[in-house]
Each structure stands twice: as C-alpha cells, then as structure tokens.
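Enquirer: The structure's right below; bear with me while I get my questions together.
Numbering (this note's numbering), first residue to last: 63 to 478.
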C-alpha cells in the first residue's frame, strides 16, 4: 500500500506529539562517525531517510540498534566498505558522510547522492570547499573519490548560504588541524543542533546560530547522549492542516522558538496561536486574513519546506495571494496536482499566484516529493469528498506516521 485515502471536509480537533527532526537527525547520525565509541540519540524519528542513513552507517562497519526509543551507534569497528547505492541514491543527506568520513579515515569513495526533485542542488560547492581544506578529489561519471592525509583549517567564504554545505564543512573541520571559519554559514535550527551535539562531545565551535562559524580542531571527541529536537516542519504541516479545515488542535512539543516566521505568517493568515510551555494551541480560522504575499528564504525567513502546505492554506483562504520561491527552482511541482483538485494557481517564473476562493475536490493525486506530498494530504483534508494521495513513500521520508498523527487530530484518513 503506497497511498493515503482522505475523507475531506472535516474540522480537525485533538492533540498530537511532534516527532524528532528529520533535518537534525541525519547530520547528527553522520557526526557519530567522528566519535570512537557509542553515542545514544533520543527522539530520533522512525522515517525512511533515517533508516537509509542507519543502513549506510551499518555498511561502513558501525553497529546501529534502536531500543526503547533510543538509537545507539557504535563506530569502534568503522571500516572502509562500499555504501549501498540504493540508500545513497535516494537520500540527499548521504553527502553528509563525506566530511565526517574524511575527518575520521581520510578516504571516501561514493556515488553522487540522490533525493527529492525540488531542484538541482549540485554538490559542487561541497567539493570546492573541501579542496580548499586540502582534500584531493577525483570525480567520475557516477561518483567521486576524496582523499586527505590531513584536513587543514582555513577561511571558507561561500558564494551563498547552504545548509548542507555548512553541515558538511562543520563535520570536516571539528577534527582538522587549526582553525576553520565558515561565512556566510547557515543559521537553521538543525545547524544549531549539530553544533550542540558536537560541542557536548568536546568540539570547539563558536557562533552557532549566527552567519559566522569558527571551528578550532580538536584531536578527538567523546561519546555522548543527545536528544534530537522536535521537527519544526512537521509541526508546521499539521498547523497548516488545522488552518485549512478551521479546526482547533494542540501540537505537543512543537519547537515554538524555531517557528517564528511560520507562526507569524499563520497569524496574519487568520489563525490564532497560543504558545504554551508544552507546545502550541492552534485555532485555524480565528480572524480575517491580512496576508496576501509570502517569500521563502534562509532561516530565520519563511522556510521553503513550508511553502507547499501554505500554498494550500492560501488557496482556501478566501483572498488572492502570491508566493515567491527564492530557494529551490522546482518547488512548484505540486501546482499541477492542486489544479486537478480545483485550485486556481498560475506560475510565472519563481512566483505563484493563488486564487484564494478555490473549492477543492477530493481526487487521486500523485506525490512527487516529500513536502509537496504532505501538502497534498493537507489539501485533501480541506477538500470535498474523498481524495487519494499516491506515492506515499515520498511522505514517509520525513513523517513518522502522518496517518496516525492526523487521526489523533480528528482526521478521517487511512492507508490505501
């Protein structure tokens, strides 16, 4: 069963707990390669991307197990093994292993990583930056090999902000010789979580949460136990579902401090947000929308991962609006599917124009990537009749159990 059936038109009411963050878990799992011994990760989500990363670690000789909700990674017996191409090929974050393995073993051979179809996201900047740190890289048609007898700290001035590049360079730099400066560094909460994990293990990192990171290499890191923070994108997805259906839900453990731009936008679009110590209470349609435009950007701006769900919110808001996408050129792939459901959306370049008076109808639609697939589920919740979202495997990459979570919020939804 690779589809989800949704019986739409029902207000959401209830409570669900927000899972651990996908975008924090993956680089932290890669970071365990830097530490000889066993690290323990609490709140690591049960999603397919995490499964593939664990499989890659196992292929490298690590012992990975999950027991009582804790993932344990023992890297004592790390060996130079081939990584399974089916895991590398489907998951963009496999590139995170490059910096960590170079720092630990001095040698990496891997295929080019895969992932979603939301944009090109070439790895050129990863490789160029590592070359500046003394890494020798030979590229082939299918992949590349990288080698370094030692990694040298240096000043790395990037042409643009990149979360993945920032994470990879952090992993390469923590055991490097000397000092590494990364600017402009990404400021995302997931970067902060990676730095927090590494600092707890003995790394020397300054500037976490700013656009300038200073990393002083250390000789070794110690095993630690760390709790993965809650997933701000999952919380935002369920928030958008509540807004579309006009319901009232409590999102337990939602990372309020990392969702400022999303929460501000939600309030401008008519939701009421009550911030509480244990999460957020969302009332979907509390007042008239005063928001007719949205621009994505790097943190702390509105996240590109939230663009598709909020496009659905705009489509049923009662007011025309526009969304400008500045991060990924292919983020509007969902538009054709939303049009089939009755949404009035036109795209001109990097801007989508949305007729907010759309009446959505449940149909069979196809997920083509992770966040767009989740947004189609949100659209089906707001639609009249029954909708089916196929290619559920895309959604499973980032959502632990979207069907169960939405059922807890009162949705009429099931696997199909």
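Where is the CB? At the ideal position from N, CA and C, for every residue including glycine.
#1: Any contact between the stretch 156-169 and the stretch 86-105? By contact I mean 3 or more CB pairs, one from each, below 8 Å.
#2: Could you pull out every residue in the same chain whose Cβ sits closer than 6 Å to the Cβ of residue 304, ignoring the five residues on either side in sequence?
#3: With which residues is residue 171 paired in a DSSP beta bridge?
#4: Mind checking which residues open and close the alpha helix (DSSP H) that includes residue 111?
#5: Would you mind reading off the limits of the beta strand (DSSP E) that contains residue 128?
#6: Tell me, which residues are paired with residue 133 by DSSP?
#7: Starting from the C-beta of residue 360, find all residues in its chain whose C-beta is less than 6 Å away, skip the five residues before and the five after it, and write them out in chain order.
#8: Closer than 8 Å is the cut-off here; do at least three beta carbon pairs connect the stretch 333-344 with the stretch 384-391?
#9: I'd like to know whether the C-beta atoms of residue 375 and residue 331 end up nearer to each other than 8 Å.
#10: Taking the beta strand (DSSP E) that residue 198 falls in, what are its first and last residues?
#11: Quick check on DSSP: helix, strand or coil for residue 417?
#12: Among the residues of its own chain, which have a CB less than 6 Å from the CB of residue 448, if the five just before and after it don't count?
#13: Look at residue 426 and residue 464 and say whether their C-beta atoms are less than 8 Å apart.
#14: Can you tell which of 306, 372, 268 has the C-alpha that lies nearest to the C-alpha of residue 236?
#15: Considering only their Cβ atoms, is the gap separating residue 456 from residue 431 smaller than 8 Å?
#16: Starting from residue 399 and walking both ways along the alpha helix (DSSP H), at which residues does that stretch end?
#17: If we count the other Cβ atoms within 10 Å of its Cβ and call it buried at 16 or more, is residue 186 buried or exposed?
#18: Express the C-alpha separation of residue 136 and residue 102 in angstroms, rounding to a whole number.
#19: Which residue comes first and which comes last in the beta strand (DSSP E) that contains residue 314?
#20: Is residue 84 helix, strand or coil when you go by DSSP?
#21: Does DSSP put residue 456 in a helix, a strand or coil?
Expert: In brief:
#1: Flag = yes, the stretch 156-169 and the stretch 86-105 touch.
#2: Counting only Cβ-Cβ distances below 6 Å, and skipping sequence neighbours, we find 74, 311, 344, 346.
#3: Under DSSP, residue 171 shares a beta bridge with 207.
#4: Element bounds for residue 111: 110-121.
#5: If you look at residue 128, you'll find it in the beta strand (DSSP E) that goes 125-129.
#6: According to DSSP, residue pairing for residue 133 in a beta bridge involves 103, 128.
#7: Only 223 meet the Cβ criterion.
#8: When Cβ pairs closer than 8 Å are counted between the two stretches, the stretch 333-344 is seen not to touch the stretch 384-391, the count staying below three.
#9: Residue 331 is positioned such that its CB atom lies closer than 8 Å to that of residue 375.
#10: Residue 198: member of the beta strand (DSSP E) spanning 198-201, first to last residue.
#11: Three-state DSSP puts residue 417 in a strand.
#12: Answer for residue 448: 69, 424, listed in chain order.
#13: No.
#14: Looking at the Cα atoms, 268 is the closest of the given residues.
#15: Taking 8 Å as the Cβ cut-off, residue 431 and residue 456 qualify as a contacting pair.
#16: From DSSP, the alpha helix (DSSP H) with residue 399 extends over 397-402.
#17: By the C-beta density criterion, residue 186 is exposed, having fewer than 16 other C-beta atoms within 10 angstroms.
#18: Going by the C-alpha atoms only, they are around 9 Å apart.
#19: Residue range 310-314 is occupied by the beta strand (DSSP E) that includes residue 314.
#20: Helix, per DSSP.
#21: Reduced to three states, the DSSP call for residue 456 is helix.
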